[in-house]
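Some notes on the structure that comes next.
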Amino acid sequence: MALISFEKVTLAWNSPGWPPRSEEPQLAQLQTPGGPWSTGRRVHVTPASFGKMQAQLLYPPSATAESTFMPFRPETSNPTKVIDDQSWKLYVVDLPKINAFALPTREIFVYTGLVDLLEDDTLLSGVLSHEIAHVTQRHAVENAGFLNIAAIFFDTLRGISFALTVSFPFLTDGIGTILNLMNNYVADRAYSRKLESEADAVGLEFMARAGYDPRYALDLWEVMAAVEEDAAAAGQAVSVSDTFPFLRTHPSSLQRRKVNTNGAMGLANVVKGNLGPRGTIKMLVDGAGNIKMTKDGKVLLSEMQIQNPTAAMIARTAVAQDDQVGDGTTSVVLLVGELLKQADRYISEGVHPTVIAEGFDLAKKEALAFLETYKVPSKLDRAQLISVAHTSLATKLHPKLAAQLAADVVDAVLCIRPPPPPEGATGVAAIREPIDLHMVEIMKMQHKTDSDTQLVRGLVMDHGGRHPDMPKRVENAFILTLNVSLEYEKTEVNSGFFYSSAEQREKLVESERRFVDAKLKKIVELKNLVCDQAVGANEKPKGFVVINQKGIDPLSLDVLVKNGILALRRAKRRNMERLQLIAGGVAQNSVDDLTPEVLGYAGLVYEHTLGEEKYTFVEEVKEPKGVTLLIKGPNAHTIAQTQDALRDGLRAVKNALEDESLVPGAGAFEVACAAHLSGPIKKAAKGRAKLGVQAFADALLIIPKTLAANGGFDVQDAIVAVQDEQSSGNTVGLDLKTGEPFDPTVEGVWDNYRVKRQMLHSCSVIAVNLLSTDEILRAGRSSLKPDGQQ
């Protein structure tokens, strides 16, 4: 390695009981960044002297002094300095054994049996980095301390067994033998696996600093895995630990990879029951005991505690899916988990993960192309949009409520949809503006039942007038929207006033009051102007409403009440935007130039009181470009579930309008795409990439399989029936009412095109990345960085 200058020494055996190779041992030609090692010296050793050097690994001279009883692991503040400041020796042991180890005295031993497996210096760098990490992390000392504790524990058990010797001599001998084996194998080697995993992590950092790509460590583990698999296939067990994995000192390469698959499958099993209209509900309980019940995948993944890093990464991908397209979180988790599960079937049989990844990339490309041909382009009418909304709502609400709210969701989106561009427009002017779902206010009111949820073609605000004498109902109301402070405010800079007398203070208060009263006077003058004009024109009496984004003090409220004005203060900024789209008018940041043209209009503004809560309704407006979905329910759980469902339903209708196309639902696309991939695409694929294509096709079927399982049907019977019907060229999905195949396009079961497209893309990308990952490292401040550098 570039960090270390080694003196190479080859060990040759003098004892006839340790036969090396049949030929005379030769100096190994090891490639390094500086060229091959052509110099070195040979040291003749005996098995006894070599055994002493190995014993030094477990019990270095300082181990007893530093770790007499408790495990002791002094962290080095700068492992790189330990490497750079010390001289290292590399011993090449001329024996055909696949092994390497390091001593605390900075001596590394590599057997020629391992050297023969390494193709170049990149793989050798992985071995050396791993062994150097053992030294810098003081693993010999730590392991010695652990063995001391284990020895005390097992010695205690031996003492107990010795007390039984008189009565049960044969039984006691057996117990003593078992305790010795447990001490020497189970305790020792279980702890060794922990240290080996840590050396893997630190060794990657050393590889990077030496100028090597740490990803080549993956190739090293693949080489070692291949050796293990070849030995197992030939029926050869090098030691008892090859037969009993819990006796291993090193985690196997397969175990290093299975961490990702297990994390993905664990998360998939958690959310699997949520999929589809027959899915179950999850109960979330936080640390304070608050309970939330949900079927929404985004809510579940966002709020549940996920410890496994792989599962957390998949959860973030699924949440990003919801942020982008509004749906598909559960499907993403299921598909990623199934992709890794299918890949693991081939990897466990010796197929390299890169081969599976290549097949996944090919399958993703072909699946996206198939999606383009499978979607149904359409100029959507209201009936089709209601079917789209119902498909989304039915997965989270009971059927009756889903059918009721589907029409309200569609009407809400159609109200806020921007008009089409004028005919003959070109360039940017020909592009239709996107739908802004923020213009749909979702207001919650814990009152009555969930079936009383309604669409309000106007605005509902969760506050009312702050004066008891203020009017509660105003008809034919002019609405003035303001962003003006109608109260005394402190200066934005830190300043103070000093008075020389009480009279000066009174004058200051009066001047401040006159400043606010001048603003109120202009508002009252505008109100009198427009209301008097209506009376003079023999129109219905007009009312006047002020909705202010900033504060209104009590004295100002008194002035407004005396003039018959309904005033609301501290309205949300988003509601100010909605109000202009609903009632018209222009929000004012000053009262200096108020004219009737800046006013909005509503046929009815009234206040509704529910216990201690107040709500203000703005209704009877002309052509509103903003609406409110007023959610009602007897408890917070019901309201939260309805709110989650409405958000997904709104997004589904928006996606359908902007895509101008739909995809048949009920698992129809997944079944058709799986048949397409496993048929002509697999045949056209070259080489072992066919395996990845087939794995991708099999993974897609997890969606209809889960739908069938959640519906209470036999999974295999349902999938076989759907596949048989699909093979005839029909568009077919799974009817969750009967468990039989049906045409989803006839029954109005639709999925969004962009949801399927995003799902295919994100799932394949994350699966390929996880297949290329063989180690999970704890991040934070690296010990390799200079002090003070983050």
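Once you know that position 69 of the sequence shown is 846 in the working numbering, the rest is easy, because the numbers rise by one and skip nothing. For each residue, glycine too, the CB sits at the ideal point set by N, CA and C.
Confirm, please, whether the CB-CB distance from residue j to residue i is below 7 angstroms.
i	j	result
L1259	Q1365	yes
T1107	N1067	no
L1078	K1069	no
R1346	N1325	yes
I1480	G1444	yes
T1087	N1046	no
G1403	R1350	no
V1470	K1459	yes
V1363	A1379	no
P1197	E1210	no
Y1392	D1246	no
V1096	K1075	yes
V1570	H1244	Outside the displayed range of the chain (778 to 1567) lies residue 1570, so it cannot be described from this structure.
P1401	L1343	no
Y1265	E1289	yes
V1430	V1132	no
V1307	F1255	yes
T1168	V1526	yes
G1114	M1042	yes
A1544	L1117	yes
L972	L900	no
P1521	G1506	no
Relative to the C-alpha of residue i, which residue among the options is closest?
i	options	result
Y989	K1072, V904, G1056	V904
D768	L1303, V1523, S1272	Any answer about residue 768 is impossible in this case: the structure gives the chain only from 778 up to 1567.
V1532	E1435, D1158, G1103, G1380	G1103
N1487	P1054, P1331, D1425, K1156	P1054
A1452	L1434, D1063, V1497	V1497
G1536	A1379, L1387, E1447	The residue asked about is misnamed: residue 1536 is Met in this sequence, not Gly. Of A1379, L1387, E1447, the residue nearest in Cα terms is E1447.
L872	P881, L891, A879	L891
V1398	N1253, K1467, R1093	N1253
T1094	L1547, R1555, L1358	L1547
G1341	N1352, G1328, K1319, I1359	K1319
V1251	F1490, L1381, L1434, A1466	L1381
L1257	V1499, A879, L1297	L1297
V979	V912, E1524, M1001	V912
N1039	K1467, A1120, D996	A1120
I1193	Q1084, L1434, K866	L1434
Q1231	F1275, G1242, Q1281, L1178	L1178
A1183	G1201, A1202, R1159	R1159
D1512	A1495, E1280, A1206	A1495
T1057	K1072, T1372, D1063	K1072
L1148	A1461, L1454, V1542	L1454
E1126	G1442, W865, S902, V1004	V1004
N1432	R883, G1241, Q1161, K1059	Q1161
Per the DSSP calculation, residue i is bridged to which residue(s)?
i	result
F1519	G1510
N1325	L1259
P1441	W1527
T1071	K1059
E1396	L1381
G1320	A1254
P1154	S1438
K1409	M1222
F878	F886
E1390	L1387
S1163	Here residue 1163 is Ile; the residue named in the question, Ser, does not match the sequence. Note: I1163 sits in no beta bridge, so no partner.
V1217	V1404
A1344	V1323
L757	With the chain running from 778 to 1567 in the structure shown, residue 757 is simply not present.
M1238	T1393
Measure how close the beta-carbons of residue i and residue j come, nearest whole angstrom, since I'm counting them as under 8 angstroms.
i	j	result
K1173	L1439	Between L1439 and K1173 the Cβ distance is about 20 angstroms, and since that is not below 8 angstroms, they are no contact.
V1128	C1540	Contact flag wrong, Cβ pair sits at about 20 angstroms.
G1426	L1170	5 angstroms
M984	A994	7 angstroms
T1419	G1235	With 8 angstroms as the limit, T1419 and G1235 do not qualify as a contact, their Cβ atoms being about 20 angstroms apart.
D1330	L1263	7 angstroms
N876	Y888	5 angstroms
E1502	P1154	Not a contact, Cβ separation roughly 24 angstroms.
Should residue i be listed as close to the ligand ATP, given that the test is whether its C-beta is under 6 angstroms from any heavy atom?
i	result
V1237	Annotation note on the ligand ATP: not contained in the displayed structure, which lists no ligands.
Counting pairs of Cβ atoms below 8 angstroms between the segment 1403-1420 and the segment 1221-1240, do you hit three or more?
yes
Could you say if the segment 1132-1143 and the segment 1489-1503 meet the contact criterion of at least three C-beta pairs nearer than 8 angstroms?
no
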